[in-house]
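For the sequence shown, the numbering used here begins at 21 and goes up steadily by one. Just so it is clear, CB atoms sit at the ideal spot from N, CA and C, and this is done for glycine as well. All values reported here derive from a predicted model rather than from experimental measurement. Written out below as structure tokens is the structure these notes cover.
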Amino acid sequence: MQQLLASSVITALHNTESSVQIILPLPTTPLKTEQWLTQFVSLFHFQASQADWGADRFQVVLTSLKGHPPFQCLLCIEWLCEAIWLEPIGSEQRPQIISDYLKEQGDAFL
Numbered sequence: 021m022q023q024l025l026a027s028s029v030i031t032a033l034h035n036t037e038s039s040v041q042i043i044l045p046l047p048t049t050p051l052k053t054e055q056w057l058t059q060f061v062s063l064f065h066f067q068a069s070q071a072d073w074g075a076d077r078f079q080v081v082l083t084s085l086k087g088h089p090p091f092q093c094l095l096c097i098e099w100l101c102e103a104i105w106l107e108p109i110g111s112e113q114r115p116q117i118i119s120d121y122l123k124e125q126g127d128a129f130l
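Structure (structure tokens):
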């Protein structure tokens, strides 16, 4: 599996009204998906919940480990849609909070 780079993720971010898209190639197997998740949570200081697998989708709740206050978001990978995105969890959260956090954490690697 190719190494996931913080700079690649930051460059691939695209905010929408309801989510933050990560416009990168999708992992091609369940093992590569797990490896991608492991690299992502390590790079951006998240804790991942138990993953939820569907026929053509992967979802996991991520909890931020740095910054105050902590927040949660849902990481979604859907092969039919050919998309990876993060959705805020909770009525107080906005996609901008997620992308700001990713950029802040990614700055440590730039």
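Original post:
Which residue comes first and which comes last in the beta strand (DSSP E) that contains Leu94?
Top reply: Gln92 to Glu98
Original post:
So who's on the other strand from Gln67, going by DSSP bridges?
Top reply: Thr83
Original post:
Cys101: buried (16+ other C-beta within 10 angstroms of its C-beta) or exposed?
Top reply: exposed
**OP:** Quick one: give me the first and last residue of the alpha helix (DSSP H) that Ile30 is part of.
**Re:** Where Ile30 is concerned, the enclosing alpha helix (DSSP H) starts and stops at Ala26 to Thr31.
Original post:
Is the number of C-beta pairs between the segment 26-43 and the segment 111-130 that are closer than 8 angstroms three or more?
Top reply: yes
Original post:
For the putative contact between Leu82 and Trp56, defined by C-beta atoms under 8 angstroms, what is the C-beta separation to the nearest angstrom?
Top reply: Not quite, the Cβ-Cβ distance comes to about 13 angstroms (not below 8 angstroms), so this is no contact.
**OP:** Tell me Gln116's beta-bridge partners as DSSP assigns them.
**Re:** Paired residues: none, contrary to the question.
**OP:** Sort Thr53, Asp72 and Asp76 by Cα distance to Leu94 and report the nearest one.
**Re:** The candidate whose alpha carbon is nearest that of Leu94 is Asp72.
Subject >> Integer Cβ distance of Ile109 from Arg77, believed to fall under 8 angstroms >> reply: About 17 angstroms; that fails the 8 angstroms criterion.
Original post:
Does the separation of the CB atoms of Gly87 and Ala26 fall below 8 angstroms?
Top reply: No; because the gap between Cβ atoms is not below 8 angstroms, this pair is not in contact.
Subject >> For Ala128 and Leu63, the rounded distance between their alpha carbons >> reply: A direct Cα-Cα distance of roughly 9 angstroms separates Leu63 from Ala128.
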